[in-house]
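Those protein sequences? They're chains A and B, same order as listed.
Take 1 as the starting number for the first sequence in the numbering used here and just add one per residue.
Take 1001 as the starting number for the second sequence in the numbering used here and just add one per residue.
Ideal placement from N, C-alpha and C gives every residue a C-beta, glycine not left out.
Protein chains: 2
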Amino acid sequence: MTPQRMAIMDYLDGNTQHPSAAEVYEAVLRKFPTMSFATVYNTLRILKERGLLAELSLDPAKKRFDANPAPHHHLICVNCRKILDVMRPFDLSLPQDDRHRFRILGNHVDFYGICPRCASPEPAAKPGKGR
Amino acid sequence: MTPQRMAIMDYLDGNTQHPSAAEVYEAVLRKFPTMSFATVYNTLRILKERGLLAELSLDPAKKRFDANPAPHHHLICVNCRKILDVMRPFDLSLPQDDRHRFRILGNHVDFYGICPRCASPEPAAKPGKGR
DNA sequence: CTGGCTGCAAATCTTTTGCATCCTG
DNA sequence: CAGGATGCAAAAGATTTGCAGCCAG
């Protein structure tokens, strides 16, 4: 655990914004002006491999990172791509017929919709590119 | 509907492989050797905008495309990234408390696990890069 | 000294864009 | 001829890799 890694974990810990690697980089840069992209990416990969954070595939444009260790689901605005956590558990056992002989490890639910800001007559946020 | 677009739809229609844009390109290239990346990407975007196909965020490394119009879920091998369809519906109404005043449009469940091939002692597939 | 980590640059991969051309009506 | 589609090349954005230098054990 180097100072850089701690800074990255500090930034992600308790952060519910699901930041992208670029956002992590910008944030940590304030503390470590010499921090490089490569270190951020390498560190995020290593932390992910060690199970300290999760990489989310919710945004096709880029990876987003989540340091919340509790299993949870997500609510995504299809317009501005804002992502909120849904901590409520769901009972989602996959029936044998649908398992295709996979060993099931877990599941994840995405709810998608329009957030209040984007639903308002004068949308506050531009649409994300949503790649 | 141009011949190129029909070729792309033909390739995707009934295809349960959830191919990436590059895979679509390679496949359609056999029929249209002059087909360019740009046309594939532009066409995929247009078909998506018209609701003829869905763009999946299941693979952080790249977009995957699915022409199956029925709402359904996915079962993903975390090792080789193989993706299977789960046509069974789930009752997943999000309680008011968790809606954060979003207008909910839908949901999608990913089940993840290890497929039989990757679980076998001599794994047949290399791990995907999983970006 | 050795191994791991950092920082920089270059490379890679995926996707998008600009633009000239072509086809269709 | 006007609009839309294609093909090519270049650009853009995200991520990875190669490599030299640095630091700690």
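Note down, in chain order, every chain A residue with its Cβ under 7 Å from the Cβ of Ala1119(B).
Indexing the second sequence from 1 puts residue 1119(B) at position 119. Result: Arg103.
What residue does the alpha helix (DSSP H) around Asn1042(B) start on, and which one ends it?
Numbered from its first residue, the second sequence carries residue 1042(B) at position 42. Looking at the DSSP string, the run of the alpha helix (DSSP H) that includes Asn1042(B) is Phe1037 to Glu1049.
Does the structure place the segment 67-82 of chain A close enough to the segment 35-46 of chain A that three or more beta carbon pairs sit under 8 Å?
No, they do not touch.
According to a CB-to-CB cut-off of less than 7 Å, which residues of the segment 1043-1072 of chain B neighbour chain A?
Answer in chain order: Glu1055, Ser1057, Leu1058, Asp1059, Pro1060 and Lys1063.
If we define contact as Cβ-Cβ less than 9 Å, is Gly1128(B) a contact residue for chain A?
In the second sequence, the residue the question calls residue 1128(B) occupies position 128. Here Gly1128(B) scores only 48 on pLDDT, less than 50, and its place in the model should not be relied on; the value that follows carries that caveat. Gly1128(B) does not count as touching chain A.
Run through the DSSP bridge pairs and tell me what Asp1110(B) is partnered with.
In the second sequence, residue 1110(B) corresponds to position 110, counting from 1. Residue pairing by DSSP puts Asp1110(B) in a beta bridge opposite His108(A) and His1074(B).
Any idea which residues DSSP pairs Glu1055(B) with across the strands?
Numbered from its first residue, the second sequence carries residue 1055(B) at position 55. Looking at the DSSP assignment, Glu1055(B) forms a beta bridge with Phe1065(B).
Between the segment 1105-1119 of chain B and the segment 98-108 of chain A, do at least 3 Cβ pairs fall closer than 8 Å?
Here the segment 1105-1119 of chain B lies against the segment 98-108 of chain A, with 3 or more beta-carbon pairs under 8 Å apart.
Check for me: the alpha helix (DSSP H) holding Leu1029(B) runs from which residue to which?
The sequence position of residue 1029(B) within the second sequence is 29, counting from 1. Boundaries of the alpha helix (DSSP H) harbouring Leu1029(B): Ala1021 to Leu1029, taken from the DSSP string.
Any idea what DSSP makes of Arg5(A), helix, strand or coil?
Within the first sequence, numbered from 1, the residue matching residue 5(A) stands at position 5. Three-state result, Arg5(A): helix.
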